[in-house]
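Number of protein chains: 4
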Amino acid sequence: MNPVFIPGPTNIPDAIRKACDIATLDHRSPAFARMFRPAVDGVRRVLNMSGGEVIILPSTGTGGWEAAISNTLSAGDTVLAARFGMFSHRWIDLCQRHGLNVQIIETPWGEGAPLEAIAAALRADKAGKIKAVLATHNETATGVKSDIAGIRRAMAGHGALLFVDGVSSIGSMPFDMSGWGVDIAVAGSQKGFMLPAGLAILGVSDKALAAMDSATLPRTFFDFRDMLKSYAAGGYPYTPAVGLISGLAASIQMLEDEGLEAVYARHARLATGVRHAVAAWGMRPFAARPELYSDTVTAVQVPAGCNGTDLVKLAADKYGVAFGVGLGEVAGTVFRIGHLGMLTDVMMLAGLATAEMCMADLGWPVRLGSGVAAAQEFYRGSVALRAAA
Amino acid sequence: MNPVFIPGPTNIPDAIRKACDIATLDHRSPAFARMFRPAVDGVRRVLNMSGGEVIILPSTGTGGWEAAISNTLSAGDTVLAARFGMFSHRWIDLCQRHGLNVQIIETPWGEGAPLEAIAAALRADKAGKIKAVLATHNETATGVKSDIAGIRRAMAGHGALLFVDGVSSIGSMPFDMSGWGVDIAVAGSQKGFMLPAGLAILGVSDKALAAMDSATLPRTFFDFRDMLKSYAAGGYPYTPAVGLISGLAASIQMLEDEGLEAVYARHARLATGVRHAVAAWGMRPFAARPELYSDTVTAVQVPAGCNGTDLVKLAADKYGVAFGVGLGEVAGTVFRIGHLGMLTDVMMLAGLATAEMCMADLGWPVRLGSGVAAAQEFYRGSVALRAAA
Amino acid sequence: MNPVFIPGPTNIPDAIRKACDIATLDHRSPAFARMFRPAVDGVRRVLNMSGGEVIILPSTGTGGWEAAISNTLSAGDTVLAARFGMFSHRWIDLCQRHGLNVQIIETPWGEGAPLEAIAAALRADKAGKIKAVLATHNETATGVKSDIAGIRRAMAGHGALLFVDGVSSIGSMPFDMSGWGVDIAVAGSQKGFMLPAGLAILGVSDKALAAMDSATLPRTFFDFRDMLKSYAAGGYPYTPAVGLISGLAASIQMLEDEGLEAVYARHARLATGVRHAVAAWGMRPFAARPELYSDTVTAVQVPAGCNGTDLVKLAADKYGVAFGVGLGEVAGTVFRIGHLGMLTDVMMLAGLATAEMCMADLGWPVRLGSGVAAAQEFYRGSVALRAAA
Amino acid sequence: MNPVFIPGPTNIPDAIRKACDIATLDHRSPAFARMFRPAVDGVRRVLNMSGGEVIILPSTGTGGWEAAISNTLSAGDTVLAARFGMFSHRWIDLCQRHGLNVQIIETPWGEGAPLEAIAAALRADKAGKIKAVLATHNETATGVKSDIAGIRRAMAGHGALLFVDGVSSIGSMPFDMSGWGVDIAVAGSQKGFMLPAGLAILGVSDKALAAMDSATLPRTFFDFRDMLKSYAAGGYPYTPAVGLISGLAASIQMLEDEGLEAVYARHARLATGVRHAVAAWGMRPFAARPELYSDTVTAVQVPAGCNGTDLVKLAADKYGVAFGVGLGEVAGTVFRIGHLGMLTDVMMLAGLATAEMCMADLGWPVRLGSGVAAAQEFYRGSVALRAAA
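Chains as they are written, first to last, in this note's numbering: chain A, 1 to 389; chain B, 1 to 389; chain C, 1 to 389; chain D, 1 to 389.
This is the structure in structure tokens:
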């Protein structure tokens, strides 16, 4: 009944719920192809792809990571990755479990991808052993966004592929696959696309596709080759998640009706308001510097002696509101406010007001209404007059 | 996307939307009867009826008023009614248009039904010309609740029927048809029952039913006799609104799962929080005295020089949030906050925060966050720990 | 799970269910006006109106009949009506209950409106006492359609209004309000418009509107004057059935996407297939002559010694399929197959196959598959290749 | 609008659509755990498991196959499998792509799993190199069911695991994981469970679980270990498909409300009726012998000179009805009628009637109504009186 304020899955708009909730359709029929094509084309526009292919798997972001590496790499291959949060950690772990040699750049949590260190590692790789660089565009655990264009610049002169986890950024924050030179971008249905979980959505560059045939990591469910062969015939190698694909087409329609730039601006506004509230509470985002602040999730550093997980638990139990706990090494020291997907200023204020009540309940040194007022002041000054809906 | 804060129609819970949204069912089949019976029985419990009959018309509250009089009265009959708001006015107007002689007790808006004046009028009616007393339980225009039990006491010794408009109270505020001696109670689907508009729901006492045969006001669509004859056979005299009846059964299930007393207590809490906010803004409810304060709607008196309608318009245009304007003689001098139906503390705070932003936008002398803080303080202190849902 | 084959309410397409199932919207907001206007304009096109006004009441067809007379007539006025089925009978009964003097032309059931007798009655009315002629376009009880254009011709030279019950024809069979000179056309949401019950939809000519002010039958809920005044401001005099109005806009979109002519042709095809099956069973429609055959419902005359109601009961109990029983004087001697609204050839064959199983179960002299085969032969020969949906 | 008659995805009942279509829920909250547990427990009952664990992956049947082998086997391991249709073929292909050594028993299509040959192969495997036997319970391509209990008997004395593809049988045909000694059973959401595609549902025996730690095939998305660790905490290692899990709980409720035995009996009845129709058309199922006939899908052998794919294409294009084409070596020589999931006799007759129209359109030597009549005769004689729904 209350909206959720977790960094995904996000609140699902009614129109998308209805687009997902459809009667059974023969997925081998032209009707399916007519539904699938606009979804694929729309993903291209959201990712800003030129060339390459879109792959949509009935899976999740984790499956998307696995598909990215298993279709392009072979056991023993080296990849380069920075670890600065739970999600960058998990992708590294996945690579290791699939027999890759991961050259890890340990980076303090709260920082983003370390461009210098990446550049240095690649310069040092005279033999060209590094086949791919893995980057987490938006580290959902710490609320940190990384500079993907900068990573590509840091890779200048090296032939490695660039794989980007955009699960919690794509559709909510600007993404420029073509301009940034991304080889595989991984998104999930349940974040910026405002759908239920159940789709891994990948943009794959021509260069990454060229690696398919030599890659020997075993895969069937995730095999791009089967996918592309079936897509060419308007279908799938196995039963697709038809409802979610219908919903994806609706999602893209909704994003483009609002305008992608307007969607990104709305997320920036929502996030800025949240950060005003955080400051009014006398706290700060966990992200090390303003230029790292994510526009989709804020990990709020809680005052000394306070425990962020207590707040999250109380919000759920007492007020029926979901926030995100701190994960891994920031467990307890942060709580996370998701501000992505279908959210309005008004909903956001409800979330902030709830967080404040929890703080007061827990005896944290925060004045009721203070964060709300700061966000109100920002929102009322920055909102555009709504067009007639 | 944002909840509405109008005094009805109210926000519809998902479970009720789903119960309304059903495939076509033969309304002459036993399946319909199986759905209809629990709805009828549930209404009896919500109204606290003993004896009498429940009548459910595919209509609205206005239709319910018309049905109440046309099934019990004849042209030229006298009824007694106090006028103290737009909805009491409209019922009076309806009676006049149907040829009744309405003895009107003009009462200042902001007041409730005047018990003394009613008692006096009945005492003066030695000839027993007054056939019915009309009472508006909750005057939606002014946020005033009246003392129905008191009206019945004021009627002591007089044989008139007591007809009560409970459209914006029933299902949200305590109602005791049997204990209060109400002869016809009129409810609508779109308020406390949390359904779409489309049903007039009436409780009719045995005494009121006894007037059916002598009443000569013309009616067919609203005729209780056709209804009761058809109900006895498990059906309707014409096509019923099957989906809404399915939804009504679900609504009653939901109200009773929460517990009617808990539902009423929740509304009282929501309303109290709103009134704390209003006080913090330096304003007051339009209702004349605290014992008249409605638990489903607050008409907020705006400061001198301010116009409540401006706030309502701005909230809709700029923030996508619906409040209610002042109607009739309080147009401009109040705006109305609906706090009935499916609402949580958290949603309520979003509404209050929005009202504050509008006040600031309009230059009203209100500090951002002030009302929110007052409501937060009240809500966090009074909420029961949510049971595991 | 199985479609219904009753002559309304009809099966509701998914797209219309979704359009009806919407979150609460402020009905006093411009958003409502934006939804209402296309619905009204669409009704004009379906009715083929020029001039006049569309009135949409949160009610049913019966309410539409009541609204038609109460807004245009006064107690004691004379109306002319033929009685040849249950629905023409009910409208007459309604008029009598509202104090009208109904000049009834008793006509054998199975016949349509008797043009000669109507002409004669009007010729005889030298004094012009007949204020309105009531006509049932499609008598749902007998499966008979009447010639409305013929009635208007029969009225030549007389000033009476022409009121038409098109509840079970409009949206499924051609209707030409302007060409036929209809003054009030009454439709319901739950037939050709494929919506749930809950809306009475009326087209009202300028001539009928002109009668509003002198008409003295009491009405408030149904009062056209309040409606038109509110419509002019984009609203309603009371709470409208917002979801159904949203659904009506979707219904008209769907009808016009298919094309009204194509919709009518589909109904004619469906009906013809049913009649082929009836003939193969050795039975005949109850309608007296082929030119009276309705394209929305067939009342099948059952063989001597058989009881149509038994079939309807068995179909519901054993096979979960709804047909219509015979009503009034044809109870038992017919059963009714509805073939209107969202139905395909394929669904129709399921209905016919079920009827056959019931006949066999009841020992009626019918060969299994015979009616199905006749309908199959007709359908497969007449279906247009489906356009890519 | 018309039901589908493909062998999955199946028609989704309204109640299941509604259970899937839910607002976003925090999947790390107790609310999710409360939804997940009944789904898991219900799957245990449907599979008739004792011990072991249920694994539910946001994936499809193909993913379920991959999960089965990657969690229990290592590259170079030998598995034994019979190939007698497209789906047994695909599982074999998957194993090979993951580096397994598949000992294939080539078996004529139309036959089931060859018990003698399996027994012989295992007897010959003195060294115990065969780690697992793969069996396709219901070969969806040929409409053949295999004797899983018999396979287990054929395995007597050999230590191999028994993995069963039950994607198109589980929930529609009796399955006895415990009694038959199945080690991994693979189901999908979109067949007998009547859900959209998007879940692979596995029952895993304790013996199979014991193989987890030594298995070295790489996996992360499909890793049982992560799943089981997270399940123990009421959660998932990544974002689950919450709506489908909610739907799965509803599906099991629906299956158990009808009664699993009744569900199986209904499928047997539906299938028998279809086979009566096939016989009346002068055709026969592709399955070699009656004891192999599947109760969920019939592959109909078309007459010489006819092409089954033409029928499927025509049914889709002309009548809007989906059947299944022949796959692989039976392309053209069969068409497939799915008769599983939410289907009634009445819907089945619509499918048979459509197939007949297509046959007539294509000039096949079939009399219209003949198959329908045969099925009608069977259905009407075998249906139980429907309990009051």
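Every residue, glycine too, gets a C-beta built ideally from N, C-alpha and C.
In this text the structure is predicted, and so the values were computed from the model without any measurement.
Which runs of the beta strand (DSSP E) spanning at least 3 residues fall entirely within the stretch 319-389 of chain C, listed in chain order? Counting only runs of 3 or more, we get 334-338.
Report the CB separation of A200 of chain A from Q190 of chain A in whole angstroms; it is logged as a contact under 8 Å. In the first sequence, residue 200 of chain A corresponds to position 200, counting from 1. In the first sequence, residue 190 of chain A corresponds to position 190, counting from 1. In fact, because the Cβ distance is near 10 Å, the residues do not count as touching under 8 Å.
Alpha-carbon spacing of R380 of chain C relative to V167 of chain A, whole angstroms: Translated into positions along the third sequence, residue 380 of chain C becomes position 380. Translated into positions along the first sequence, residue 167 of chain A becomes position 167. Distance between the alpha carbons of R380 of chain C and V167 of chain A: 50 Å.
Against chain B: residues of the stretch 353-365 of chain C by CB proximity under 9 Å: none
What in chain A is Cβ-close to D295 of chain C, meaning under 9 Å? Here residue 295 of chain C refers to the residue found at position 295 of the third sequence. What D295 of chain C touches in chain A: nothing, since even the nearest Cβ is about 27 Å away.
With DSSP collapsed to three states, give me the class of T10 of chain A. Taking the first sequence and counting its residues from 1, the one referred to as residue 10 of chain A is at position 10. It is coil, neither helix nor strand.
So, G369 of chain D versus E356 of chain D, is the Cβ gap smaller than 8 Å? Sequence index remark: in the fourth sequence, residue 369 of chain D carries index 369 (1-based). Sequence index remark: in the fourth sequence, residue 356 of chain D carries index 356 (1-based). Taking 8 Å as the Cβ cut-off, G369 of chain D and E356 of chain D qualify as a contacting pair.
Output, in chain order, the set of chain B residues within a Cβ distance shorter than 7 Å of F221 of chain C. Here the question's residue 221 of chain C lines up with position 221 in the third sequence. Ordered by position in chain B, the residues that pass the 7 Å Cβ test against F221 of chain C are S59, T62, G63, E66.
Listing by chain order, which chain B residues have their CB less than 7 Å from the CB of A373 of chain A? Taking the first sequence and counting its residues from 1, one reaches residue 373 of chain A at position 373. Going along chain B in sequence order, the residues near A373 of chain A (Cβ under 7 Å) are L368, G369.
CA nearest to the CA of L311 of chain C, picked from C:T296, C:A331, C:F222: For the purposes of this step, residue 311 of chain C is taken as residue 311 along the third sequence, with counting starting at 1. L311 of chain C has its Cα closest to that of C:A331, out of C:T296, C:A331, C:F222.
Between the Cα of R152 of chain B and the Cα atoms of B:A322, B:V186, B:L122, which residue gives the shortest distance? Position 152 of the second sequence, counting from 1, holds the residue named residue 152 of chain B. Ranking B:A322, B:V186, B:L122 by Cα distance to R152 of chain B puts B:L122 first.
Terminal residues of the beta strand (DSSP E) in which T78 of chain C lies: Position 78 of the third sequence holds residue 78 of chain C. Unbroken beta strand (DSSP E) run through T78 of chain C: 78-83.
D14 of chain C CB to nearest chain A CB: under 8 Å? The residue labelled residue 14 of chain C in the question sits at position 14 within the third sequence. At least one chain A Cβ lies under 8 Å of D14 of chain C.
Chain A contact for A346 of chain B (CB, 8 Å cutoff): Working through the second sequence from its first residue, we reach residue 346 of chain B at position 346. Sequence check: residue 346 of chain B is Val here, not Ala. Chain A contact via Cβ: present.
Which residues in chain D have a C-beta closer than 9 Å to the C-beta of N307 of chain A? List them in chain order. Counted from its first residue, the first sequence places residue 307 of chain A at position 307. Chain D residues near N307 of chain A: none, gap ~16 Å exceeds 9 Å.
Flag C20 of chain A as yes if its beta-carbon sits less than 8 Å from any beta-carbon of chain B, otherwise no. For this step, residue 20 of chain A is matched to residue 20 along the first sequence. No, because no Cβ of chain B sits closer than 8 Å to the Cβ of C20 of chain A.
Minimum Cβ-Cβ distance from Y319 of chain D to chain C less than 8 Å: As a first step, residue 319 of chain D must be located in the fourth sequence, where it is residue number 319. So, interface residue.
Nearest-angstrom Cα separation, counted from L115 of chain A out to A154 of chain A: Taking the first residue of the first sequence as position 1, residue 154 of chain A is located at position 154. Taking the first residue of the first sequence as position 1, residue 115 of chain A is located at position 115. Answer to the nearest angstrom: the Cα atoms are 6 Å apart.
Tell me, which residues are paired with D165 of chain B by DSSP? Here residue 165 of chain B corresponds to residue number 165 of the second sequence, with the count starting at 1. Beta-bridge pairing links D165 of chain B to B:T136, B:V186.
Once you ignore the five residues that flank M177 of chain C on each side, which residues in its own chain have a CB closer than 6 Å to its CB? Walking along the third sequence from the start, residue 177 of chain C turns up at place 177. Excluding residues within five positions, the ones whose Cβ falls inside 6 Å are L47, N48, M49, A185, G203.
Does the beta carbon of A23 of chain B come closer than 8 Å to any beta carbon on chain D? The residue given as residue 23 of chain B occupies position 23 in the second sequence. True, the Cβ-Cβ gap to chain D drops below 8 Å.
Going by the CB atoms, is the gap between A280 of chain B and A373 of chain B shorter than 8 Å? Locating residue 373 of chain B in the second sequence gives position 373, counting from the first residue. Locating residue 280 of chain B in the second sequence gives position 280, counting from the first residue. Yes, the pair counts as a contact, with Cβ atoms nearer than the cut-off.
Closest by C-alpha distance to G247 of chain A, when choosing among A:P7, A:G8, A:G42: Indexing the first sequence from 1 puts residue 247 of chain A at position 247. Out of A:P7, A:G8, A:G42, A:G42 has the C-alpha closest to the C-alpha of G247 of chain A.
Buried or exposed: which applies to S382 of chain A, given that a residue is buried once 16 or more other Cβ atoms fall within 10 Å of its Cβ? In the first sequence, residue 382 of chain A corresponds to position 382, counting from 1. Result: exposed.
Compute the distance between the beta-carbons of H98 of chain C and S59 of chain C, then report whether it is under 8 Å. Residue 98 of chain C sits at position 98 when you count from the first residue of the third sequence. Residue 59 of chain C sits at position 59 when you count from the first residue of the third sequence. No, the pair does not count as a contact, with Cβ atoms beyond the cut-off.
Classify G324 of chain C as buried or exposed, calling it buried when 16 or more other Cβ atoms lie within 10 Å of its own Cβ. Taking the first residue of the third sequence as position 1, residue 324 of chain C is located at position 324. G324 of chain C is buried by the Cβ-count criterion.
Separation of G305 of chain B from Q376 of chain A, as counted between CA atoms: Walking along the first sequence from the start, residue 376 of chain A turns up at place 376. Walking along the second sequence from the start, residue 305 of chain B turns up at place 305. So the two alpha carbons sit approximately 24 Å from each other.
Report yes or no: do three or more beta-carbon pairs, one from the stretch 345-353 of chain A and one from the stretch 286-298 of chain B, lie closer than 8 Å? no
Cβ closer than 7 Å: which chain B residues qualify as neighbours of R380 of chain A? Translated into positions along the first sequence, residue 380 of chain A becomes position 380. Simply M357, A360, D361.
Residue burial classification, A211 of chain C (beta-carbon count within 10 angstroms, cutoff 16): If you number the third sequence from 1, residue 211 of chain C lands on position 211. So A211 of chain C ends up on the buried side.
Interface residues of the stretch 248-279 of chain C facing chain F [CB-CB below 7 Å]: Considering every chain present, this structure includes no chain F. Its protein chains are A, B, C and D.
Give me the Cα-Cα distance between D226 of chain D and D257 of chain A, rounded to the nearest whole angstrom. Translated into the one-based positions of the fourth sequence, residue 226 of chain D becomes position 226. Translated into the one-based positions of the first sequence, residue 257 of chain A becomes position 257. The straight-line gap from Cα to Cα measures roughly 40 Å.
For G341 of chain A, the nearest candidate out of A:G128, A:A120, A:M194, A:S251 (CA to CA): Translated into positions along the first sequence, residue 341 of chain A becomes position 341. The option with the nearest alpha carbon to G341 of chain A is A:M194.
Give the straight-line distance between the Cα atoms of A119 of chain D and M173 of chain D, rounded to the nearest whole angstrom. By 1-based counting over the fourth sequence, the position of residue 119 of chain D is 119. By 1-based counting over the fourth sequence, the position of residue 173 of chain D is 173. If I take the Cα positions, the gap works out to 25 Å.
Examine chain C for any beta-carbon lying closer than 8 Å to the beta-carbon of A387 of chain A, and answer yes or no. Position 387 of the first sequence, counted from the first residue, corresponds to residue 387 of chain A. In this predicted model, A387 of chain A has a pLDDT of only 40, less than 50, meaning its place in the structure is not dependable; the value taken from the coordinates is given anyway. Output row for A387 of chain A: interface = no.
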